[in-house]
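Numbering (our numbering), first residue to last: 4 to 566.
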């Protein structure tokens, strides 16, 4: 910042997420300038709307005692503009804070006689931004959440991206707010949980300090990690002002939701994309799963209008596809401009802050849109996630973190529940193949329970889920529980599918393996013989499945010493 602003007549824009500390950086820079040069004027101008912009100009006029400023007919903007241009008045730094919408600065305003709504007067005048003159004596710092807004006010090379604090900075801020009494490991865990966001850290420490000694960092963390509802409640706390503008919200959730509302008003399809992305794991969100995000019912206002009727010409189809592609790219730009998403190095996946995802879901809940976008997320992921066979492992590996996120996103509608169960079944199969017992058990058991509730008791999907749970139990050495489930599957498949059906023979073979691991060789032998004879009769003696069943029986004989 110092490098960019050390040049005469310089301007720079600090751009970043709401609550990331843009205004604080500007304040700190202003203090450094005053420490170096006590003669330098520092002016703070609020840029949230025209009325506050005008009020700030009046305060500047009072601060430097501009003659004629109290005249009701005076053009206060022109008076301040002329003062700033006059190099005899000395050096100055002007901070234009919280400019998230630049339109009021860039369009001609009303000036003159009677006061108008918004604090301006009747008549015509240049855009307000022109009243901030380039001056050899002055520099301007602009803070905004929107890169698009920044580009309207400064050049691209004059934009400074403000990221969350690093660990060292976050720890220092937290310790400053809490004092030295708190456990350092707890503080480190707290700032990591809050993703090193300054406003969230100040908010949390204010909450802890207000409730001390009955609340500690450890207790806050325990509450924070209980569930999303408790986490949201803590993040809604409006405390710890951090030298923020009185109009600014001190709750980081509310701060972001103001930006969500603006995106919804200005580009609804980008709000749709943000809504869908909020359900995925925060890292590695694949473009292919979110590109056609508006394919569910009525979105907030989506790209559906770009989809052509099937009767239209190929040329029209091509135009429509290009329009959709352009629309998607514009949506990505919008969300990136607000720092809500970032693009990874491979350019085809996206990342989000977990707290932004949580804030988005809470915002959707308030709009009655949460369930709809959850269903869209599940449908997209269910379609994309393949069975966990070896040849699919590369794709499964990419999508598995998102399937894990789906574990806590159980939908309400019956159709979506069935998709959710299928997604978890396929993901459980992959987890089982990779030896991840905990994930495989959670996914397979949830899938089984949903299918039992929504399908008939003999439905093949229920039996597949029961068999999957049995496989997971065996992986964890829970042989007795696995045996009970597998015996149930064998009995039902024999009755429903017949003893010669491949699924029946597969389940018999699986039960045989369970017997063997319990040392019950005689019972395993009976099942191995049954499978071999059925396979020979149905498939032929030279079929690979028949040969495999022979090898299994031979192994059973060997383990009994029957050489």
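Cβ atoms here follow ideal geometry from the backbone N, Cα and C, with glycine treated the same way.
Under the DSSP assignment, residue 144 falls outside any alpha helix (DSSP H), being part of the beta strand (DSSP E) whose first and last residues are 141-147. For residue 81 against residue 109, the beta-carbon gap comes to about 18 Å, at or over 8 Å, which does not count as contact. Of the residues assessed, residue 346 falls on the exposed side of the cut-off, its CB having fewer than 16 other CB atoms within 10 angstroms. Its chain contains 465 as the residues whose beta carbon lies nearer than 7 Å to that of residue 455, once the 5 sequence neighbours on both sides are disregarded; these appear in chain order. In the structure shown, residue 14 adopts extended strand secondary structure according to DSSP, grouped into three states. Approximately 16 Å separates the beta-carbon atoms of residue 288 and residue 337; this is outside 8 Å, ruling out the contact.
Judged by their CB atoms, residue 150 and residue 342 are nearer to each other than the 9 Å cut-off. Ranked by how close their Cα comes to the Cα of residue 23, the residues 8, 75, 5 and 147 have 147 in first place. Of 515, 520 and 463, the smallest CA-CA separation from residue 498 is found for 463.
In this structure, the beta-carbon distance from residue 365 to residue 260 falls below 9 Å. By alpha-carbon distance to residue 220, the top candidate from 414, 195 and 511 is 195. By the 16-neighbour rule on beta-carbons within 10 angstroms, residue 141 is buried. Uninterrupted beta strand (DSSP E) stretches at least 3 residues long and entirely within the stretch 453-507 do not occur. The criterion of a C-beta distance shorter than 9 Å is satisfied by residue 426 and residue 409.
Using a Cβ distance threshold of 9 Å, residue 551 and residue 524 do not count as a contacting pair. In this structure, the beta-carbon distance from residue 97 to residue 46 falls below 9 Å. Less than 9 Å separates the beta-carbon of residue 447 from that of residue 471. Counting along the chain, the unbroken alpha helix (DSSP H) around residue 205 starts and ends at 201-214.
Per the C-alpha coordinates, the member of 416, 401 and 264 positioned closest to residue 370 is 264.
The residues 354, 355, 356, 357 and 360, in chain order, have a CB closer than 8 Å to that of residue 285 in the same chain once the five nearest residues on each side in sequence are set aside.
In the three-state DSSP reduction, residue 102 falls in the coil class, being neither helix nor strand. Of the candidates 452, 6 and 172, the residue whose Cα lies closest to the Cα of residue 162 is 6. According to the DSSP secondary-structure assignment, residue 345 is paired through a beta bridge with 354.
Judged by DSSP in its simplified three-state form, residue 566 adopts coil rather than helix or strand. Taking C-beta atoms as the reference points, residue 381 and residue 414 count as a pair closer than 9 Å. Following the DSSP letters along the chain, one finds residue 5 inside the alpha helix (DSSP H) bounded by residues 5-8.
By the neighbour-count criterion, in which a residue is buried when 16 or more other Cβ atoms sit within 10 angstroms of its Cβ, residue 383 is buried. The residues 25, 148, 164, 165, 166 and 342, in chain order, have a CB closer than 8 Å to that of residue 19 in the same chain once the five nearest residues on each side in sequence are set aside. Judged by DSSP secondary structure, residue 49 falls outside any alpha helix (DSSP H) and instead within the beta strand (DSSP E) spanning 44-49. In the displayed model, residue 527 falls within a helix according to three-state DSSP. Per the coordinates, the alpha-carbon of residue 417 lies some 45 Å from the alpha-carbon of residue 169. Cα atoms of residue 400 and residue 435: separation of roughly 13 Å, rounded to the nearest angstrom. Your pair residue 555 and residue 531 checks out as a contact, with CB atoms roughly 5 Å apart and the cut at 8 Å. Between residue 385 and residue 432, the CB-CB gap reaches or exceeds 9 Å.
Remark: C-beta atoms of residue 212 and residue 238 do not approach each other more closely than 9 Å.
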